[in-house]
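If you're matching positions, the sequence shown starts at 0 in numbering that gives the first Met the number 0 and goes up one per residue.
We treat Cβ as the ideally placed atom computed from N, Cα and C, and that holds for glycine.
Take a look at the structure below.
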Amino acid sequence: MAARRAVQATPPEIERYLARFTGDTRARLEQVRAAVRRAAPDAEEKVAYGVPTFTLNGNLVHYAGYARHVGFYPGPSGIAAFREELAPYAFATGSVQFPLDRPLPLGLIGRMARFRVQENLARPVRRRPA
């Protein structure tokens, strides 16, 4: 496993994405980011598919801001594992919508991120082609 970095600086592409949002949406995106960072301290951040993404031996989770909700994308396995807890929210095969007019379930987001970390660490390390 990679050594933990002493300081977690926001990558410029993540900062540019977050800068598009203000007020409550921006605050919620920062809360999601912090919850995932606590759950996956060794993960790296980048923008993939146009949204902030945490990676560790492959994609862990993505998150995104919208007019009425924050989208969280733990993939199909993340949704399936937490299906009962996600019942109050709109969700699909690999995504869930957390409405802006309701409290963010930060504990659930953290558990989902930890689940994805364990899942990714259990599979063979992905190597990039040379």
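For a cut-off of 8 Å, the C-beta gap from Gly74 to Phe114 is around 10 Å, too long to register as a contact.
At a Cβ-Cβ threshold of 9 Å, Leu99 and Thr21 do not count as neighbours.
Less than 9 Å separates the beta-carbon of Phe81 from that of Arg110. Ala63 has Gly70 as its beta-bridge partners, per DSSP. Residues Leu105, Ile108, Gly109 of the same chain have their beta carbon placed closer than 6 Å to that of Ala34, with the five preceding and five following residues left out of the count. Annotation for Phe114: no beta strand (DSSP E) segment contains it, though the alpha helix (DSSP H) segment containing it runs 105 to 120. DSSP, read as helix, strand or coil, puts Pro51 in strand.
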